[in-house]
Amino acid sequence: VEVTNVSTEAGFDYEKSCQAYSKCQGMEGDCCPTADGVMLDCCDAECSAHKGCVGLPGYCCPAMDGMILECCKESSSECSAHDECASLGLTGSCCPTTDGITLECCSGRQNATAVTV
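Residues in the sequence shown are numbered from 368 upward in steps of one, following the working numbering.
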């Protein structure tokens, strides 16, 4: 099992329990991070493991500060989930539209607002 040390001083606001992560099922206690401040690989915390976060460095789901970034959620076709589309005031589905067309404003990054879980 690959591990990464995590500072526990920041206070994690997301679910640490192994049972909250499908790949950690069957393990006891806290996995993400452990009581010793170690992030287990079963947490799938790396940005690259999440389609919406690919291209971002390090950990996103959760990040090292305990925040789960918005990009961790399933990619949204909603215009509001994409910075450029939202700034144009577009509403509904943009990425792709209901006709299956992906608008140019979708090429930008998705909103990566940090949220706590």
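Every residue gets a Cβ at the ideal spot worked out from N, C-alpha and C, and that includes glycine.
Would you report the Cα separation of Asp397 and Thr469, rounded to the nearest angstrom? 41 Å
Going by CA-CA distance only, name the one from Gly422, Cys462, Val405 and Cys473 that's closest to Cys439. Gly422
Nearest-angstrom Cα separation, counted from Ala387 out to Tyr426: 17 Å
Around the C-beta of Gly419, are 16 or more other C-beta atoms found within 10 angstroms, so that it is buried, or is it exposed? buried
Sequence ranges, beta strand (DSSP E) only - wholly within the segment 374-447, length at least 3: 405-407
Rounded to the nearest angstrom, how far is the Cβ of Ala412 from that of Cys428, given a contact under 8 Å? 6 Å
Alpha-carbon spacing of Cys472 relative to His417, whole angstroms: 21 Å
Leaving out five residues before and five after Met394 in sequence, what residues of the same chain have Cβ atoms less than 6 Å from its Cβ? Cys385
Among Pro424, Ser415, Ser389 and Asp403, nearest to Cys409 - alpha-carbon criterion: Ser389
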